[in-house]
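Novice: Residue numbers (the numbering used here), protein chains in the order written: chain A, 692 to 962; chain B, 21 to 337.
The structure's right below; bear with me while I get my questions together.
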Amino acid sequence: MGVNFTVSNKDTVKSSDVLFLAVKPPIIPFILDEVGPDIEARHIVVSCAAGVTINSIEKKLSTFCPTPKVIRCMTNTPVIVREGATVYATGTHADVEDGKLLEQLMASVGFCTEVEEDLIDAVTGLSGSGPAYAFTALDALADGGVKMGLPRRLAVRLGAQALLGAAKMLLESEQHPGQLKDNVCSPGGATIHALHFLESGGFRSLLINAVEASCIRTRELQHLADQEKISPAAIKKTLLDKVKLESPSLSLASTSKVSLFTSKSPSSKKN
Amino acid sequence: IVGFIGAGQLAFALARGFTAAGVLAAHKITASSPDTGLPTVSGLRKMGVNFTVSNKDTVKSSDVLFLAVKPPIIPFILDEVGPDIEARHIVVSCAAGVTINSIEKKLSTFCPTPKVIRCMTNTPVIVREGATVYATGTHADVEDGKLLEQLMASVGFCTEVEEDLIDAVTGLSGSGPAYAFTALDALADGGVKMGLPRRLAVRLGAQALLGAAKMLLESEQHPGQLKDNVCSPGGATIHALHFLESGGFRSLLINAVEASCIRTRELQHLADQEKISPAAIKKTLLDKVKLESPSLSLASTSKVSLFTSKSPSSKKN
Numbered sequence: 692m693g694v695n696f697t698v699s700n701k702d703t704v705k706s707s708d709v710l711f712l713a714v715k716p717p718i719i720p721f722i723l724d725e726v727g728p729d730i731e732a733r734h735i736v737v738s739c740a741a742g743v744t745i746n747s748i749e750k751k752l753s754t755f756c757p758t759p760k761v762i763r764c765m766t767n768t769p770v771i772v773r774e775g776a777t778v779y780a781t782g783t784h785a786d787v788e789d790g791k792l793l794e795q796l797m798a799s800v801g802f803c804t805e806v807e808e809d810l811i812d813a814v815t816g817l818s819g820s821g822p823a824y825a826f827t828a829l830d831a832l833a834d835g836g837v838k839m840g841l842p843r844r845l846a847v848r849l850g851a852q853a854l855l856g857a858a859k860m861l862l863e864s865e866q867h868p869g870q871l872k873d874n875v876c877s878p879g880g881a882t883i884h885a886l887h888f889l890e891s892g893g894f895r896s897l898l899i900n901a902v903e904a905s906c907i908r909t910r911e912l913q914h915l916a917d918q919e920k921i922s923p924a925a926i927k928k929t930l931l932d933k934v935k936l937e938s939p940s941l942s943l944a945s946t947s948k949v950s951l952f953t954s955k956s957p958s959s960k961k962n
Numbered sequence: 021i022v023g024f025i026g027a028g029q030l031a032f033a034l035a036r037g038f039t040a041a042g043v044l045a046a047h048k049i050t051a052s053s054p055d056t057g058l059p060t061v062s063g064l065r066k067m068g069v070n071f072t073v074s075n076k077d078t079v080k081s082s083d084v085l086f087l088a089v090k091p092p093i094i095p096f097i098l099d100e101v102g103p104d105i106e107a108r109h110i111v112v113s114c115a116a117g118v119t120i121n122s123i124e125k126k127l128s129t130f131c132p133t134p135k136v137i138r139c140m141t142n143t144p145v146i147v148r149e150g151a152t153v154y155a156t157g158t159h160a161d162v163e164d165g166k167l168l169e170q171l172m173a174s175v176g177f178c179t180e181v182e183e184d185l186i187d188a189v190t191g192l193s194g195s196g197p198a199y200a201f202t203a204l205d206a207l208a209d210g211g212v213k214m215g216l217p218r219r220l221a222v223r224l225g226a227q228a229l230l231g232a233a234k235m236l237l238e239s240e241q242h243p244g245q246l247k248d249n250v251c252s253p254g255g256a257t258i259h260a261l262h263f264l265e266s267g268g269f270r271s272l273l274i275n276a277v278e279a280s281c282i283r284t285r286e287l288q289h290l291a292d293q294e295k296i297s298p299a300a301i302k303k304t305l306l307d308k309v310k311l312e313s314p315s316l317s318l319a320s321t322s323k324v325s326l327f328t329s330k331s332p333s334s335k336k337n
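Here it is as structure tokens:
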């Protein structure tokens with residue numbers, strides 16, 4: 692792609708104005724300790740880590756820099772095809788223009804809007820985890836098509852196209868999703884017969900449960916992170932060693948074992 | 021060049037899609053319906069489409085003729101315009117469950133080798149992200165199929181299939197948007213429950229589904245692999261997925277596809293067996309059609325409620 696790659700986090704900080712922290716949440720404190728000294732007034736630090744609060748980042752950075760500009764954002768995997776869903780909240784010292792700059796960047800890869808920080812966990816449950824619900828649904832729809840005689844590839848293709856088209860219709864319509872649903876259910880027709888099966892099985896409730904569960908788990912992991920120091924046992928030893936080399940001042944006081952939340956952002960490993 | 025018998029949701033959605041795609045100028049499209057009060061009629065006129073109350077005029081000015089009416093109306097239309105069908109015409113039926121054989125049989129009393137193509141599309145053609153399949157009839161050439169494919173590909177995905185797959189496609193992508201709208205309503209409810217304002221919740225849910233579907237379409241990977249990739253160990257997403265699985269989420273969707281497909285076949289079977297009862301057709305519509313078709317046969321008195329279309333010709337606000 693032509694991106695400059697380096698093993699030195701400090702080099703990245705030095706050559707950046709907008710600095711994305713794109714590591715798993717447990718690593719964030721280590722990174723902040725490591726690069727904190729190099730953060731200057733011009734830097735906009737953007738954390739994409741699920742459940743990591745602006746407050747926790749500002750606290751860590753303030754030992755190095757009096758007014759660090761911090762923005763917290765939650766995005767999702769489809770940024771890769773430029774159809775992501777992103778929200779962000781600005782920290783104490785980030786200006787309106789800083790937020791707008793990030794918004795411009797993120798809007799180039801999908802939908803982006805500013806929110807109050809207290810909504811971000813709910814967004815995690817909905818659009819952060821949302822693609823996983825969709826992939827599960829698409830697998831099942833394809834199974835349905837195959838059961839009724841379609842070849843697998845065609846079934847996958849048609850299912851995905853149907854979901855994509857419907858989502859686009861909703862985004863471009865002023866109408867309620869229920870109205871759009873009504874519009875495609877002819878009296879006595881095939882579609883309303885199908886919908887009855889969804890309703891009988893509590894289809895809607897399962898999705899509400901999912902959004903809720905993801906949101907609650909995000910808050911849970913954030914709470915754990917706020918309470919306890921990170922145990923080195925939770926971090927891969929090789930990674931920790933490399934970070935320690937850069938950060939002699941690192942504090943590893945606690946021995947309590949806490950398994951911290953991991954990120955649902957695109958920093959999760961991909962094939 | 022392109023004509024629509026019927027000026028309802030399906031004709032409107034396709035005309036809008038074709039013109040937006042630039043593949044066809046509006047003035048080269050004709051649409052006809054005896055019902056000038058349909059909300060889509062004014063929409064078509066505003067688009068610059070030629071609107072007429074005469075189906076015969078549409079046939080005369082078309083090469084590709086879409087039958088965009090509800091399935092019970094198809095036989096009446098075929099009787100009415102049959103005499104005007106010529107060798108050049110490609111008759112494209114978008115009616116769910118109506119077989120190529122039934123259309124060819126009706127037309128063959130007028131024209132020895134009618135070119136018939138059967139297609140199944142869906143509502144999102146209106147935003148040019150439709151899903152369409154088609155099957156060619158006995159006398160339709162490869163080029164005829166390709167011509168239709170070019171048109172339909174301008175408003176979404178389009179591919180040729182064997183006719184026996186079309187009912188399954190109806191169950192999957194024909195009805196699919198309804199499953200999606202239901203899911204999107206529920207996802208938004210979930211977001212609102214956890215504190216999001218409604219508009220934002222609707223927006224984020226729709227964007228998440230759209231993005232995921234696009235990822236799958238552009239990826240060689242299995243949907244299960246894509247799902248794995250977003251489920252971090254001990255994370256929020258896998259916790260959420262457990263709820264879906266516990267509730268048999270996947271099974272509900274398989275049930276839905278199956279039910280829609282089975283109902284389509286059921287309605288087709290009923291249509292094949294019995295003559296249409298005038299009681300099943302709106303009287304005003306029937307009267308208008310009868311005015312044009314003195315030869316119409318209304319012999320049977322058996323009451324059969326025929327399948328209705330799941331295509332975009334269903335009424336919209």
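The C-beta atom is built at its ideal place from N, Cα and C for all residues, glycine as well.
Bridge partners for residue 135 of chain B per DSSP, in chain order?
Specialist: Answer is B:110.
Novice: State the start and end residues of the unbroken beta strand (DSSP E) segment that holds residue 638 of chain A.
Specialist: Because chain A spans 692 through 962 in this model, residue 638 of chain A falls outside it and cannot be assessed.
Novice: Strictly below 9 Å CB to CB, what residues from chain A border residue 109 of chain B?
Specialist: Result: empty, since nearest Cβ-Cβ is about 28 Å, beyond 9 Å.
Novice: Take residue 174 of chain B as the anchor and find which of B:195, B:152 and B:194 has the nearest alpha-carbon.
Specialist: Closest option to residue 174 of chain B, Cα to Cα, is B:152.
Novice: Report yes or no: do three or more beta-carbon pairs, one from the segment 808-819 of chain A and one from the segment 774-788 of chain A, lie closer than 8 Å?
Specialist: Judged by Cβ distances under 8 Å, the segment 808-819 of chain A makes contact with the segment 774-788 of chain A, as three or more pairs qualify.
Novice: Within this structure, are the beta carbons of residue 234 of chain B and residue 855 of chain A separated by less than 7 Å?
Specialist: Cβ atoms of residue 234 of chain B and residue 855 of chain A: closer than 7 Å.
Novice: Can you find at least 3 beta carbon pairs, one from the segment 902-913 of chain A and one from the segment 211-222 of chain B, that sit closer than 8 Å?
Specialist: Result yes; three or more Cβ-Cβ pairs closer than 8 Å.
Novice: Which residue marks the beginning of the alpha helix (DSSP H) containing residue 281 of chain B, and which one marks its end?
Specialist: Counting along the chain, the alpha helix (DSSP H) containing residue 281 of chain B begins and ends at 269-293.
Novice: From residue 256 of chain B to residue 236 of chain B, what does the alpha carbon distance come to, in whole angstroms?
Specialist: If I take the Cα positions, the gap works out to 22 Å.
Novice: Cutting at 7 Å between CB atoms, please list the residues of its own chain near residue 314 of chain B, excluding the five before and the five after it.
Specialist: Below a pLDDT of 50, predicted positions are generally treated as unreliable, and residue 314 of chain B, at 47, falls in that range; the measurement from the model is reported next regardless. Within the same chain, residue 314 of chain B has no close Cβ partners at all.
Novice: From the beta carbon of residue 37 of chain B, is the nearest beta carbon of chain A less than 7 Å away?
Specialist: Cβ-Cβ to chain A under 7 Å: no for residue 37 of chain B.
Novice: Roughly how many whole angstroms lie between the Cα atoms of residue 190 of chain B and residue 803 of chain A?
Specialist: Cα to Cα, the separation comes out at about 35 Å.
Novice: Verify whether the separation of the beta carbon atoms of residue 759 of chain A and residue 730 of chain A is less than 7 Å.
Specialist: The answer is yes: Cβ separation under 7 Å.
Novice: List the residues of chain A whose Cβ lies closer than 7 Å to the Cβ of residue 214 of chain B, in chain order.
Specialist: Those within 7 Å of residue 214 of chain B in chain A are 813, 816, 902, 903 and 906.
Novice: Could you tell me which chain B residues have their CB closer than 9 Å to the CB of residue 913 of chain A, listed as they occur along the chain?
Specialist: Those within 9 Å of residue 913 of chain A in chain B number zero; the least Cβ separation is about 10 Å.
Novice: According to DSSP, is residue 907 of chain A part of a helix, a strand, or is it coil?
Specialist: In the structure shown, residue 907 of chain A sits in a helix (DSSP, three-state: H, G or I).
Novice: Kindly indicate which three-state DSSP category residue 758 of chain A falls into: helix, strand or coil?
Specialist: Note: residue 758 of chain A maps to coil in three-state DSSP.
Novice: My guess is that residue 898 of chain A and residue 168 of chain B are in contact by the Cβ rule of under 8 Å, so how many angstroms apart are they, rounded?
Specialist: The Cβ separation is near 37 Å, so there is no contact.
Novice: Quick check on the DSSP output: the alpha helix (DSSP H) that includes residue 237 of chain B runs from which residue to which?
Specialist: Residues 218-237.
Novice: Hey, how far is the Cα of residue 124 of chain B from the Cα of residue 23 of chain B?
Specialist: About 19 Å.
Novice: Since residue 266 of chain B is in the alpha helix (DSSP H), which residue starts that stretch and which ends it?
Specialist: Looking at the DSSP string, the run of the alpha helix (DSSP H) that includes residue 266 of chain B is 256-266.
Novice: What does residue 771 of chain A reach in chain B if we use C-beta pairs closer than 8 Å?
Specialist: Result: 235.
Novice: Buried or exposed for residue 765 of chain A, going by 16 or more other Cβ atoms inside 10 Å?
Specialist: That one is buried.
Novice: Mind listing the chain A neighbours of residue 47 of chain B? Cutoff is C-beta to C-beta under 7 Å, in chain order.
Specialist: Simply none; closest approach about 25 Å.
Novice: Among residues of its own chain, excluding the 5 on either side of residue 734 of chain A, which ones have a beta-carbon nearer than 6 Å to its beta-carbon?
Specialist: Cβ neighbours of residue 734 of chain A beyond the five flanking positions: 710.
Novice: When you compare each of A:720, A:785 and A:715 to residue 708 of chain A by their alpha carbons, which one comes out closest?
Specialist: Considering only alpha carbons, the answer is A:785.
Novice: Run through the DSSP bridge pairs and tell me what residue 765 of chain A is partnered with.
Specialist: Answer is A:778, bridged to residue 765 of chain A.
Novice: Report the three-state DSSP secondary structure of residue 706 of chain A (helix, strand or coil).
Specialist: Coil.
Novice: Under DSSP, the beta strand (DSSP E) around residue 52 of chain B begins and ends at which residues?
Specialist: It spans 49-52 - the beta strand (DSSP E) in which residue 52 of chain B sits, taken as one unbroken run.
Novice: Taking C-beta pairs closer than 7 Å, name the residues in chain B that residue 796 of chain A reaches, listed in chain order.
Specialist: None at all; the shortest Cβ gap to chain B is about 17 Å.
Novice: Identify the contact partners of residue 291 of chain B in chain A, using a Cβ-Cβ distance below 7 Å as the criterion.
Specialist: Within chain A, no residue comes near residue 291 of chain B; the closest Cβ sits about 13 Å away, beyond 7 Å.
Novice: What three-state label does DSSP hand residue 152 of chain B in the structure shown?
Specialist: Here residue 152 of chain B sits in strand by DSSP.
Novice: Can you tell me which residues form a DSSP beta bridge with residue 735 of chain A?
Specialist: Partner(s): A:709 and A:760.
Novice: So, with DSSP's three-state summary, where would you put residue 36 of chain B?
Specialist: Of the three classes helix, strand and coil, the one that applies to residue 36 of chain B here is helix, per DSSP.
Novice: Taking the C-alpha atoms as reference points, what is the distance between residue 780 of chain A and residue 805 of chain A?
Specialist: If I take the Cα positions, the gap works out to 6 Å.
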